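Working notes, beginning with the structure itself.
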Amino acid sequence: YLLSIMKSAILATLVASAAAFAPAQTGRAATAVCETKADLEVLAKKLNPVLGFYDPLNLAEAEFWGESNEATIGFLRHAEIKHGRVAMFAFVGYIVHANGIKFPWAMQLDGTPFPDANGNPPALWDAVSDTAKWQIFTLIGFLEFWSELSTPEHTHYMRGGKPGDFPDFTSGMDGIPHPVPFNFYDPFRLSKNMSEEKKESRLRAEINNGRAAMLGIFGFLSAQCAEGSVPLLNGVVPAYDGEPMAPFVTNYMGEAFNM
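Be aware that the sequence shown starts at 25, since it is given in our numbering, and climbs by one per residue.
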């Protein structure tokens, strides 16, 4: 069953068009900053020689919020990298939960176990308590806040920094008020001796995998919510009649307005 899902998802991604433009080089590898459309065109060929540079909305020449074109490119590249990383987590998590794999211990201190929704990942999320969800969103909020910091050691991606680069955790007066032994990027420092060429190759692979994962996770959700929308997944994933984009089952914002 797992292999069937994976094969179907891969086929579903192949029939879709690639996401918008050029690759972003992330992490600690050496990258050019303040990139232009010409830089993106060169990088696009390295990422996908067949498709090349693909920007139907002409975003590579845009200037968002009165910022420069270079800053806008930095924002768009960072957004694509971040969405790709989240999608890779989601795609793998979907397959894990679809096959009923979960931790054997209790999920909450009151003994509540991890939910089991009979291989239906969106329904499983609905079964998670709001208390647990708030903990998850709090962590996400902190990581988002930390990723936007601009310090002497970490330049913001719209100000010439590296798109996708997550700043190291720092302790003390200028950082987190307790020791943090591991960083979010490369916590065990396995890449410290890796060549720059190898890093760049892996970063391009990350972009490709992230784009495929974005198509894959939305392929799963589309097949569950709109029967027949992804023919290759017919009979592979169960139907879901909830709201896949709603973080909570209860509409808290709507309740305030009697909606």
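No residue lacks a Cβ here, since even glycine has one placed at the ideal position from N, Cα and C. For clarity, every value in this text was computed on a predicted model and none was experimentally measured.
Cβ separation of residue 97 and residue 59, assumed to be a contact under 8 Å, to the nearest whole Å: Translated into the one-based positions of the sequence shown, residue 97 becomes position 73. Translated into the one-based positions of the sequence shown, residue 59 becomes position 35. Confirmed, about 6 Å.
Throw me the rounded Cβ distance for the residue 231 and residue 105 pair, which I believe falls under 8 Å. Residue mapping note: residue 231 aligns to position 207 of the sequence shown, counting from 1. Residue mapping note: residue 105 aligns to position 81 of the sequence shown, counting from 1. About 7 Å separates the two Cβ atoms, so the contact holds.
Does the distance from the C-beta atom of residue 189 to that of residue 207 stay below 8 Å? For this step, residue 189 is matched to residue 165 along the sequence shown. For this step, residue 207 is matched to residue 183 along the sequence shown. Cβ distance not < 8 Å, so residue 189 and residue 207 don't count as in contact.
On the CB-based measure, 16 or more other CB atoms within 10 Å of its CB, does residue 273 come out buried or exposed? Residue mapping note: residue 273 aligns to position 249 of the sequence shown, counting from 1. Per the 10 Å Cβ criterion, exposed.
Rounded Cβ spacing between residue 156 and residue 131 (contact assumed at less than 8 Å): Mapped onto the sequence shown, residue 156 falls at position 132. Mapped onto the sequence shown, residue 131 falls at position 107. At roughly 7 Å, the Cβ-Cβ gap stays under 8 Å, so residue 156 and residue 131 are in contact.
Quick check on the DSSP output: what are the complete alpha helix (DSSP H) runs of length 4 or more inside the region 162 to 232, in order along the chain? none
Which value, in whole angstroms, describes the spacing of the CA atoms of residue 210 and residue 99? As a working note, residue 210 is residue 186 in the sequence shown. As a working note, residue 99 is residue 75 in the sequence shown. Their backbone Cα atoms lie some 23 Å apart in a straight line.
From the DSSP output, read off the bridge partner residues of residue 130. Here residue 130 refers to the residue found at position 106 of the sequence shown. In DSSP, residue 130 forms a bridge with 137.
For the candidate residues 262, 234, 229 and 228, whose alpha-carbon lies nearest to that of residue 244? In the sequence shown, residue 244 corresponds to position 220, counting from 1. Here the closest residue by C-alpha is 262.
CA-CA distance, residue 109 and residue 234? For the purposes of this step, residue 109 is identified with residue 85 of the sequence shown, where counting begins at 1. For the purposes of this step, residue 234 is identified with residue 210 of the sequence shown, where counting begins at 1. Near 6 Å, if we compare the C-alpha coordinates of residue 234 and residue 109.
Can you tell me whether residue 135 is buried or exposed? The criterion is at least 16 other CB atoms within 10 Å of its CB, across all chains shown. Counted from its first residue, the sequence shown places residue 135 at position 111. In summary, residue 135 is exposed, with fewer than 16 beta-carbon neighbours lying within 10 Å of its beta-carbon over all protein chains present.
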